[in-house]
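K.L.:
Sending over a structure as structure tokens; questions will come in a sec.
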Amino acid sequence: MKSRFSLSLLILILSLGLMLAGCGGGGGGDKKPAAENKTPIKIGFFAPVTGPAAADGDSVTKAAKLAVEKINKTGGINGRQVELVAYDDNLKPQEAVSIAQKLTTKDGVVAAVSGSYSHTTRAAAPIFENAKIPMIAAYALHPDITKGGDYVFRQSFVGTAQGKAGAFVAVNMLKAKTVAILNVDNDFGTTLADSFTKYFESKGGKVVSRDKFTMVEKEFNPVLTKIKQLKPDLIYMPTYSGTGAQIARQAKELNLGIQMLGTEGIDSTMEFLKVAGATADGIVITTNLNRESKLKATQEFIKDYSEMAKHAPDMVAASTYDCFMVLAEAMRKNGAEPEKIKDGIYKIKDFEAATGIIKGYNKLGEVTKNVQVQIVKNGAFAYYGEITDAEIITPPDK
Amino acid sequence: MYEQVVAINIGLAMLLAMSLNIITGFAGQPTLGHAAFYGIGAYTSALLTAKAGWPFLLALPAAGLVAAVVGVLLGLFSVRVREDFLAVTTIGINFVVVAIFQYVELFGASLGLAVPKPVLFGLRFGNTEILILLVILNILVYLFIRHLPTSWLGLALGGVRNEEDAAASLGVNPDHYKVFAFGIGTFIAGMTGSVYAHFMGFISSSDFAFPVSVGVLSMAVLGGLGTVSGPLLGAVILTLSPEVFRFVSDYRMLVYGGLLVLMMRFQPQGLIGDDSFLRRKWIGLFSRGKGGE
Amino acid sequence: MLVQQIINGIVVGSVYALTAMGATLVYGIMRILDISNAGAYAIGAYVAFFFLLQTGSPLVALVTGVALTAVFGFLVQKFLYAPLMNKSPNVSLIAGIGLFIFLQDFLRLVAGPQARELNFGTLLPSIQFPSLQLTLYGTWFLILAATALLLLILWLLLNRSPIGLAWRATAQDLETAKAMGINTNRVVAFNFILGYGFAAVAGILVGILYNSVYPTMGDVPAYKMLAVIVLGGLGNPLGTVLAALVIGMAETLIGGYVGFFLPRDAIAFVVLILILLWRPQGLLGRRRSS
Amino acid sequence: MVDSEVLLEVRGLKKHFGGLKAVDGVDLTLKRGETLGLIGPNGAGKTTFFNMVCGFYTPTEGTIRLKGEEIQGLPAHAVARKGIARTFQITKVFKDMTVQDNLLAAFALKQAPTLLSSLRRSHTRQNLEHVQAYLERVDIAAFAKVKAGDLSLGYMRRLEIARALALEPVLLMLDEPCAGLSKDATLDFIELVHKLRASGTTIMLVEHNMAVATALCDRMTVLSYGVKIAEGTPQQVQNNQAVIDAYLGEAEEGE
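Sequence lines, in order, name chains A, B, C and D.
Residue numbers for the first sequence follow the numbering used here, beginning at 6 and rising by one.
Residue numbers for the second sequence follow the numbering used here, beginning at 7 and rising by one.
Residue numbers for the third sequence follow the numbering used here, beginning at 301 and rising by one.
Residue numbers for the fourth sequence follow the numbering used here, beginning at 1391 and rising by one.
Put into structure tokens, the structure is as follows:
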């Protein structure tokens, strides 16, 4: 009896001791070495390598490695090498927070890139902001991510801009008057569907139905059967590859014959094009990677990535890659300390990147670039159009 | 600081594991949906402070209370159904609660909720203050659990856990005690959720999904269900292991899953349960020190 | 539209029935909620995927997928569950969850995280009835036929064979069966071989239906099958089929007519909770005897 | 009107499970300080009757009065609070708790009647001494710190009885207390019951074994197929033709 209590007390004391060690410990973590040296510059990175978004985690991790390799091969940052500090967040916000803390206080990174989804990035953003270490979100769309302050940027279109672009495509390129919306039920699908609806209705269009589903849904026959009766001109589906591919396949099987418009979420060669197969033909998407671009940066990226990964790159990879290129550009031009990097990013103008010409970042940290419109043709994404209209592509700054 | 964040994660996990231990370890009622109550606490506290302007110190117990009310309802349900039915029903509760957070506009729906950092007497809560609060809560809950085995409540729960009929024959109303255990356990989980929300500053429904419940149950079982401090040990191990194994990034979950299987296979009573390796060693040490008893 | 939706519902229900059958059988004997059965579901699909790539033969893929997973089931019971049989059910539950996490990540590391196509070719073309606005997928026939055939085989096996008799006796009460001279170890092993074989069939068929296999494909079945087997009365194969159809139909009709007011998976659990409030022992479960 | 000598009075008690009439209109009276045996062949309805008195089954019809107060239909824990303590045919000790805690749990009836009061400390020195006294009464004091699940069956039975006694009941009900016991353990047990009788405890016991029942009881009630077929002292009952027939019938069926 006595020994039992002693053991349990010991465990309590150890556990609490461990917790209290946190109260006292640390402190000296963020001392940075002087600028005049040749030590590598560390850039932090986190992505959902394990867990339900592992496919994206894999793509972006490859892209991050490729980008760092590329930067180092082309002379590094004014002679200094770049080192990648990469972690897996398991798609859990709590882990993203401890990673952000680790990156900012232990690892001494000067900047970071989030290759993760919205809720993880959203939870980590304030930590980078408070630590005054710039962070670029590669493809997380939650509108609040950039709102905390000056140090957080976004490399893909904020949801509102892309939703608007989708509606622009629907109205002007696909000539749709009525639309049925099928969106994945998270911040990504919701923001896109909301802003699509707003713009589409303001141009006189009508949304005949809107249905949502979880990321892991596979069965769309019930809802597609319903949509078939409504006979809309278009189905807008802001969702990811797994679900998008099932919608494409089941729509074809049900003989729906309705044009479909997707988003960057299904810009995936492996998961979307291969699974959907021939049924994907004719689907149009809004994205930020134009495979037929004449830009050298784009073509080099596609070639290098395909060689490294043994498959064609998708949008999340391209966007992640560009985050590093933007950081490198800012560091080369403005200096490799966190504050200078931040200022450097704001100074970027018309920078040639894999996802097109980056026109610049607004005061929230949102990127301005052209929205690419692609169409699936013979099992591959092909050029369909490009939206340059400033009204559409300019991100909100509030 | 990184150490603080890890310590906070451990502190949250310890509270959750201890609260689950009251329901599953002491009262013997299986729960696979504990994260639902954690989430109810988090959302309650977030709404009360952000939208109703309550001070954090009031929102904290309120979060526990709201979670406990739902917990009592679940307890009332639990007295109707058999063990395994209950286990799966608690999974169901978890899904339904998360679904409500995900679908109802008031809870921020799919965009989640921003949660203000607490301010107490002009002091804005940073990680240090959160950590101190967690240490206090952990000590309080630990003292309660340590008191349990030598209290009437602990004896009654032990009776209900072992032989419901025999407990009833001693005048113990099994239903009341089950519901009571659910109430206490979910109250603690709700308070923990409140701390979590204010620590993170942002919550979304998936923070409280089914895998979180599984994680909490794993901690308690790993350490030893029904033991006083086993769940603490389980919480420390399972919270630290992803951090420690972060360097083997790619194999992290493989190691985690494998660890669970091996521990269950070879220490099924939990790390400090009866006849476990640790306990045998400990008792050995102890009796040698005292010259045997 | 109604006819189409009812057919949709039956197909979804059949898929659930197949998916939950393995866990039902395991529960019937072992009285444990076997989450790792959902890992076997993914393993089966991946083995089939691998052999399809290697040999190009759907038959070889199907047979090896099922056979290897069944062997895996045998090993799991021998080295993991059998030694834990007299421990608290929580222990087996957590062990199963650990194994499930392990298997998922193993598949991710070996085969990559991306969804891969499980293309058995067009086995049967879809049939359209334009006048009725009705479409019948070719794969649906495959699913329905396979479900019916497997359930028939299962029924014959359990009700018309010596091992089936032993199975039923053991399911009633393992200790008594043992006392009556039934080799319960053999029954338990047979049970896992059957249960994991079923999981593999389900994984492969679902892989074909949705033309995709991916490491986390067992995530949804892991909890959904629990809802189904509990609703069916735990360990009762017939109850499982009935519950699967109820849930499949409820989801389909709500999705098609009302719209999802809650996520699909939550609806399954709402159905479960409501029915348990009415019948605490499940649809076909027996009342607890005291 | 209430006869102060009468402790328990059962009138017209019936329990039907669907078409099966397990107990079909049994009357029974138990006086203070008496030891009554409830006997009968297998399936006679003894255990069903017993479980109705303890509140584990709700009677279909009939009344049960304890000290003049109707208690039929009350849940088991409420019956226990009225002062009826019981043991189980298949012993139900709290296996993962120590013998001491098993016994102490019974004190909760008096010391922690409400949920809130249950938060108080139970392991006070006074209570522990008290526990030791009860354990000594049934000769298992040496095992106080042993897990109840590790006891032999005979000792589990003793623990169960001690636990029931610790409730300080007005009526102690024993359900086949000798089932599964060795000959020696049975003899020890008979001695124990004699000690209890001597101390004035009122006891009702269900017993299948006629010899054991004869050794223990002042009076016997015999049930067969749910009805009372005989009543009286052990000698009277043993010589009753209906009883002999009932037991003989069983023996023949059993062959």
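Ideal placement from N, C-alpha and C gives every residue a C-beta, glycine not left out.
Being a predicted model, the structure only gives us computed values, none of them experimental.
Taking the Cβ atom as the reference point for each residue, do Thr369(C) and Val347(C) lie within a distance shorter than 8 Å?
P.N.:
Locating residue 369(C) in the third sequence gives position 69, where the first residue counts as 1. Locating residue 347(C) in the third sequence gives position 47, where the first residue counts as 1. Yes, they are a contact pair.
K.L.:
For the stretch 381-397 of chain C, which residues have a beta carbon sitting closer than 9 Å to at least one beta carbon of chain B?
P.N.:
Taking 9 Å as the Cβ-Cβ cut-off against chain B, the residues of the stretch 381-397 of chain C that qualify are Pro383, Leu384, Lys387, Ser388, Pro389, Asn390, Val391, Ser392, Leu393, Ile394, Ala395, Gly396 and Ile397.
K.L.:
Counting only the same chain and skipping the five closest in sequence on each side, list residues whose C-beta sits under 6 Å from that of Leu352(C).
P.N.:
As a position in the third sequence, residue 352(C) is number 52, starting the count at 1. Closer than 6 Å at Cβ, skipping near neighbours: Ala361.
K.L.:
Can you confirm whether the stretch 428-439 of chain C touches the stretch 515-522 of chain C when touching is taken to mean that 3 or more C-beta pairs between the two stretches lie within less than 8 Å?
P.N.:
No: fewer than three Cβ pairs fall under 8 Å.
K.L.:
CB Phe356(A) to CB Glu371(A), shorter than 8 Å?
P.N.:
Working through the first sequence from its first residue, we reach residue 356(A) at position 351. Working through the first sequence from its first residue, we reach residue 371(A) at position 366. Against a cut-off of 8 Å, the Cβ pair of Glu371(A) and Phe356(A) comes out as no contact.
K.L.:
Between the alpha carbons of Ile16(A) and Leu393(C), how many angstroms are there, rounded?
P.N.:
In the first sequence, counting from the first residue as 1, residue 16(A) sits at position 11. In the third sequence, counting from the first residue as 1, residue 393(C) sits at position 93. When rounded, the distance between both Cα atoms is 25 Å.
K.L.:
Can you say whether Arg130(B) is buried or exposed, counting buried as having 16 or more other CB atoms within 10 angstroms of its CB?
P.N.:
If you number the second sequence from 1, residue 130(B) lands on position 124. Exposed: under 16 other Cβ atoms inside 10 Å.
K.L.:
Is Tyr437(C) helix, strand or coil by DSSP?
P.N.:
By 1-based counting over the third sequence, the position of residue 437(C) is 137. Three-state result, Tyr437(C): coil.
K.L.:
Can you tell me the Cβ-Cβ gap for Gly81(B) and Lys184(B), rounded? I've got them flagged as a contact below 8 Å.
P.N.:
The residue given as residue 81(B) occupies position 75 in the second sequence. The residue given as residue 184(B) occupies position 178 in the second sequence. So it is a contact: roughly 6 Å between Cβ atoms.
K.L.:
Note down the Cα distance separating Lys36(A) from Thr109(A), rounded to an integer number of angstroms.
P.N.:
Start at 1 with the first residue of the first sequence, and residue 36(A) comes out as number 31. Start at 1 with the first residue of the first sequence, and residue 109(A) comes out as number 104. With a pLDDT of 43 at Lys36(A), under the threshold of 50, the predicted position of this residue should be treated as unreliable, though the coordinate-derived value follows. Spanning the two alpha carbons is a distance of roughly 10 Å.
K.L.:
Mind checking the stretch 65-98 of chain B against chain C and listing, in chain order, the residues whose C-beta falls within less than 8 Å of any C-beta there?
P.N.:
Listed in sequence order: Phe83, Arg86, Val87, Arg88, Glu89, Asp90, Phe91, Ala93, Val94, Thr95, Ile97 and Gly98.
K.L.:
Buried or exposed: where does Lys169(A) fall if 16 or more other Cβ atoms within 10 Å of its Cβ makes it buried?
P.N.:
Within the first sequence, the letter at position 164 stands for residue 169(A). Answer is buried; the Cβ neighbour count reaches 16.
K.L.:
For the alpha helix (DSSP H) containing Met220(A), name the first residue and the last one.
P.N.:
By 1-based counting over the first sequence, the position of residue 220(A) is 215. No alpha helix (DSSP H) holds Met220(A); DSSP gives it neither H nor E.
K.L.:
With 16 as the cutoff for other CB atoms within 10 Å, does Met1442(D) come out buried or exposed?
P.N.:
Along the fourth sequence, one-based indexing puts residue 1442(D) at 52. It is buried - the Cβ of Met1442(D) has at least 16 other Cβ atoms within 10 Å.
K.L.:
Closer than 8 Å is the cut-off here; do at least three beta carbon pairs connect the stretch 496-512 of chain C with the stretch 472-481 of chain C?
P.N.:
Because the criterion of three Cβ pairs below 8 Å is not met, the stretch 496-512 of chain C and the stretch 472-481 of chain C do not touch.
K.L.:
Give the interface partners of Asp1491(D) over in chain B, defined as CB-CB distance under 7 Å, in chain order.
P.N.:
To locate residue 1491(D), count along the fourth sequence from 1; it is residue 101. Per Cβ cutoff of 7 Å: Leu161 and Gly164.
K.L.:
Decide if Lys180(A) is buried, meaning its Cβ has at least 16 other Cβ atoms within 10 Å, or exposed.
P.N.:
On the first sequence, position 175 is the one that residue 180(A) refers to. With fewer than 16 other Cβ atoms within 10 Å, it is exposed.
K.L.:
Can a CB atom of chain A be found closer than 8 Å to the CB of Met270(B)?
P.N.:
The residue you call residue 270(B) lines up with position 264 of the second sequence. No - not a single Cβ of chain A is within 8 Å of the one on Met270(B).
K.L.:
Which of the three DSSP states is assigned to Ser200(B) in this structure?
P.N.:
Position 194 of the second sequence, counted from the first residue, corresponds to residue 200(B). Three-state DSSP puts Ser200(B) in a helix.
K.L.:
Which of the three DSSP states, helix, strand or coil, is assigned to Tyr183(B)?
P.N.:
Sequence index remark: in the second sequence, residue 183(B) carries index 177 (1-based). Helix, per DSSP.
K.L.:
Going by DSSP, name the residue or residues bridged to Ser1614(D).
P.N.:
By 1-based counting over the fourth sequence, the position of residue 1614(D) is 224. BP columns for Ser1614(D) point to Val1617(D).
K.L.:
Among Leu1561(D), Glu1621(D) and Asp1565(D), which has the Cα closest to the Cα of Arg1587(D)?
P.N.:
Taking the fourth sequence and counting its residues from 1, one reaches residue 1587(D) at position 197. That would be Leu1561(D), whose Cα lies nearest to the Cα of Arg1587(D).
K.L.:
Are the C-beta atoms of Leu1557(D) and some chain B residue less than 8 Å apart?
P.N.:
Locating residue 1557(D) in the fourth sequence gives position 167, counting from the first residue. Taking Cβ atoms only, chain B reaches closer than 8 Å to Leu1557(D), which makes this a yes.
K.L.:
Excluding the five sequence neighbours on either side, which residues of its own chain have a C-beta within less than 7 Å of the C-beta of Glu1399(D), listed in chain order?
P.N.:
The residue given as residue 1399(D) occupies position 9 in the fourth sequence. Within the same chain, Glu1399(D) has close Cβ partners Thr1419 and Arg1455.
K.L.:
Which of the three DSSP states, helix, strand or coil, is assigned to Met265(A)?
P.N.:
To locate residue 265(A), count along the first sequence from 1; it is residue 260. In the structure shown, Met265(A) sits in a strand (DSSP, three-state: E or B).
K.L.:
Can you list the residues of chain B that Met563(C) reaches, using a CB-CB cut of under 9 Å?
P.N.:
In the third sequence, residue 563(C) corresponds to position 263, counting from 1. Rather than Met, the amino acid found at residue 563(C) in this sequence is Pro. Within 9 Å Cβ-Cβ: Phe101, Val104, Ala105, Gln108 and Tyr109.
K.L.:
Give the DSSP bridge partners of Gly390(A), in chain order.
P.N.:
Position 385 of the first sequence, counted from the start, is the residue given in the question as residue 390(A). The partner list for Gly390(A) (beta bridge, DSSP) reads Val378(A).
K.L.:
Please report the Cβ distance between Ser273(A) and Tyr144(A), rounded to the nearest whole angstrom; I am assuming they are in contact, meaning their Cβ atoms lie under 8 Å.
P.N.:
Translated into the one-based positions of the first sequence, residue 273(A) becomes position 268. Translated into the one-based positions of the first sequence, residue 144(A) becomes position 139. Not really, about 12 Å apart at Cβ, beyond 8 Å.
K.L.:
Have a look at Ala52(B) and Gly70(B) and give me their C-alpha separation to the nearest angstrom.
P.N.:
Against the second sequence, residue 52(B) aligns to sequence position 46. Against the second sequence, residue 70(B) aligns to sequence position 64. So the two alpha carbons sit approximately 13 Å from each other.
K.L.:
Counting only Cβ pairs nearer than 9 Å, list the residues of chain C close to Gly236(B).
P.N.:
Indexing the second sequence from 1 puts residue 236(B) at position 230. Ordered by position in chain C, no residue passes the 9 Å Cβ test against Gly236(B), which lies about 12 Å from the chain.
K.L.:
Have a look at Ile398(A), Ala172(A) and Pro148(A) and flag the residue whose alpha-carbon is nearest the alpha-carbon of Phe205(A).
P.N.:
Here the question's residue 205(A) lines up with position 200 in the first sequence. Phe205(A) has its Cα closest to that of Ala172(A), out of Ile398(A), Ala172(A) and Pro148(A).
K.L.:
Assign His40(B) to one of three DSSP states: helix, strand, or coil.
P.N.:
Residue mapping note: residue 40(B) aligns to position 34 of the second sequence, counting from 1. Correct three-state label for His40(B): helix.
K.L.:
Please state whether DSSP places Thr1419(D) in a helix, a strand or coil.
P.N.:
Stepping through the fourth sequence from its first residue, residue 1419(D) is reached at position 29. Strand at Thr1419(D).
K.L.:
Asp256(B) versus chain A: which residues are under 7 Å apart at the beta carbon?
P.N.:
Counting from 1 along the second sequence, the entry for residue 256(B) is found at position 250. Under the 7 Å cutoff, chain A gives Val54.
K.L.:
Quick one: what's Gln428(C) bridged to in DSSP?
P.N.:
The residue labelled residue 428(C) in the question sits at position 128 within the third sequence. DSSP, once it has assigned bridges, lists Thr435(C) as partnering Gln428(C).
K.L.:
Tell me whether the beta-carbon of Phe1484(D) lies closer than 8 Å to the beta-carbon of Ala1495(D).
P.N.:
On the fourth sequence, residue 1484(D) is found 94 positions in, with the first residue counted as 1. On the fourth sequence, residue 1495(D) is found 105 positions in, with the first residue counted as 1. Their beta carbons are under 8 Å apart, which means Phe1484(D) touches Ala1495(D) by this criterion.
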